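Residue numbers (this note's numbering): 18 to 517. Let me begin by presenting the structure, written as structure tokens, before commenting on it.
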Ligand code: HEM
């Protein structure tokens with residue numbers, strides 16, 4: 018080794034040493050500042066509590082340590098403190114009673130990168146309030162307008178049944194078809210029309226969503242969120258993901274530009290047109306949030322959040338039917354009694370189908386789609402349960418702790434529709450059913466998702482009996498990965514036609 022390289026290596030080692038010292042001091046400095054944070058397991062410098070948890074399913078670690086630290090505790094993800102809220106009362110006290118303080122959205126680097134900080138999901142404060150109010154009103158208008166949402170879902174359910182029927186007696190993976198059907202509903206609200214299942218653009222859009230959720234849920238995605246400045250410079254699947262998003266933004270922009278040319282201000286036909294009308298109304302206002310970047314990112318937010326969530330839940334539901342044939346049979350008896358075989362299920366039918374309603378709730382409870390909700394952040398320094406949580410701290414409402422709380426459910430850890438049935442067989446409503454979150458940031462798509470789950474699920478079970486390619490005891494119902502939101506593992510199944 019020559020003298021230059023030895024010298025070079027020494028400099029490198031000194032620089033790396035200095036870098037580590039700076040990080041450690043930064044970390045300790047923050048910890049001193051945050052000394053009134055709730056207690057939690059001791060973190061290591063730089064990595065925090067990372068080595069104590071399974072990075073692919075951190076919520077399991079949070080559930081475990083809540084037994085020691087109670088309902089509010091702090092964990093360190095890298096050098097960042099994160100306050101975790103566990104249990105119904107604590108989550109409600111935070112998200113409802115002090116809703117304004119807890120209403121911020123944490124900086125989640127993957128989300129920030131794909132949305133560039135714009136749109137409904139990642140924003141906080143005035144931007145978020147404006148976009149959320151607009152989106153909820155517009156979803157309502159286009160859902161309940163000329164053609165009711167119910168009719169649209171019924172129509173799409175017929176297409177889905179037909180697509181399933183084509184598989185005849187062969188086993189198939191229902192994933193793509195369920196994504197197509199669910200996605201078409203939010204697509205028609207946002208873009209004003211449905212797409213054929215084998216449309217090339219549709220396939221591209223769904224592949225971007227698929228890659229996005231897979232990455233968010235992978236260990237690589239978690240590491241990216243903790244150390245974005247390092248990961249950005251390394252090779253990996255995120256580069257492909259960001260390239261997909263760039264194309265997706267172009268697609269939305271093209272759609273918006275086409276509409277802008279023939280915009281009918283009196284009668285917008287979809288979410289994009291309604292947004293463009295508002296953009297024109299607020300043109301020239303320097304602080305308007307109705308700008309192009311917010312349009313593109315909000316469209317992406319609605320489209321992605323409205324696709325993977327509901328279709329993954331339906332896939333999980335169909336798998337549970339294969340694992341529990343006696344429950345499937347009982348639902349089919351209820352469908353036969355209340356709906357029969359000649360007409361489509363309606364939303365009204367749900368009132369007369371307590372067992373099916375209970376099963377769908379139980380599918381959502383046990384699936385526990387988003388175990389820690391989408392990360393929140395504090396809008397200001399806040400006193401909570403005797404602690405002081407500083408402005409901008411990330412907060413995770415551990416929805417999982419409520420959905421599996423043994424004090425709230427008869428059988429918290431098994432799939433049992435009795436959890437939602439009263440003694441007399443009627444449906445039993447409970448406040449602890451929180452898969453959509455709670456308070457100001459609760460899911461704005463809840464009404465849509467619940468309608469879709471009921472109409473798609475009953476339409477499929479009205480026509481088909483589902484069975485697995487595996488023996489019952491080998492059916493694995495646990496999801497593929499779940500650091501952000503759960504994704505149902507892929508499977509093949511048979512859909513046997515009940516009648517022609
Ligand atoms: C089974 C289906 C669904 C479940 C379980 C679900 C669950 C959730 C949860 C837990 C949150 C985070 C709440 C929080 O931050 O505290 C959320 C947010 C959100 N969901 Fe859903 N969701 C579903 C379907 C949908 C659908 C169909 C849409 C489309 C309209 C949608 C759009 C959104 C949006 C835009 C947000 C962000 C809201 C905000 O930041 O203010 N979701 N959802």
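The beta carbon of each residue, even a glycine, is placed where N, CA and C say it ideally should be. In this text the structure is predicted, and so the values were computed from the model without any measurement.
Of all C-beta pairs linking the stretch 164 to 181 to the stretch 459 to 470, three or more are shorter than 8 Å, placing the two stretches in contact.
Its chain contains 232 and 237 as the residues whose beta carbon lies nearer than 7 Å to that of residue 254, once the 5 sequence neighbours on both sides are disregarded; these appear in chain order. In this structure, residue 114 has its CB at a distance of at least 8 Å from all heavy atoms of the ligand HEM.
When the alpha-carbon of residue 316 is set against those of 383, 406, 152 and 376, the nearest one is in 152.
In this structure, residue 460 has its CB closer than 8 Å to one or more heavy atoms of the ligand HEM.
Distances from the CA of residue 446 to each of 285, 478 and 376 were compared; the closest alpha carbon is that of 376. Every beta strand (DSSP E) stretch that sits fully inside the stretch 84 to 142 and reaches 3 residues is listed by chain position as 89 to 94 and 97 to 103.
Comparing alpha-carbon positions, the option among 124, 150 and 190 lying closest to residue 485 turns out to be 190.
Here the distance from the Cβ of residue 356 to the nearest heavy atom of the ligand HEM is not below 8 Å. The stretch 502 to 513 and the stretch 361 to 369 do not touch, with fewer than three beta-carbon pairs separated by less than 8 Å. Sequence-distant partners of residue 140 (beyond 5 residues in either direction) whose C-beta falls short of 6 Å from its own C-beta are missing from its chain. Using a 10 angstroms sphere on the CB of residue 392, the tally of other CB atoms reaches 16 or more, which defines it as buried. Annotation: the continuous alpha helix (DSSP H) that includes residue 224 extends over 217 to 234. Under a 10 Å Cβ-count criterion, residue 420 is classified as buried, with 16 or more other Cβ atoms of the shown protein chains found around its own Cβ.
When distances are taken from the beta-carbon of residue 453 to the heavy atoms of the ligand HEM, the shortest one is below 8 Å. Here DSSP, grouped into helix, strand and coil, assigns residue 396 to coil. Secondary structure within the stretch 409 to 464: the alpha helix (DSSP H) runs of 4 or more consecutive residues, fully enclosed, are 416 to 420 (chain order). As the crow flies, the alpha-carbon of residue 228 is around 27 Å from that of residue 308. Secondary structure at residue 357: coil, using DSSP grouped into helix, strand and coil. Partner residues in the beta bridge of residue 401, as assigned by DSSP, are 404. Here residue 386 carries a coil assignment [DSSP, helix/strand/coil]. If you compare the alpha carbons of 313, 158 and 198 with that of residue 171, the shortest gap goes to 198.
Between residue 345 and the set 318, 321 and 373, the nearest pair of CA atoms involves 373.
Per DSSP, the continuous alpha helix (DSSP H) segment holding residue 293 begins and ends at 288 to 298. The C-beta distance from residue 83 to residue 418 rounds to 6 Å, short enough to meet the 8 Å contact threshold. By the 16-neighbour rule on beta-carbons within 10 angstroms, residue 224 is exposed. Within the model, the alpha-carbon separation for residue 54 versus residue 178 is close to 53 Å. A distance below 6 Å between beta-carbons, with the five flanking residues on each side excluded, links residue 457 to the following residues of its chain, in chain order: 116 and 120.
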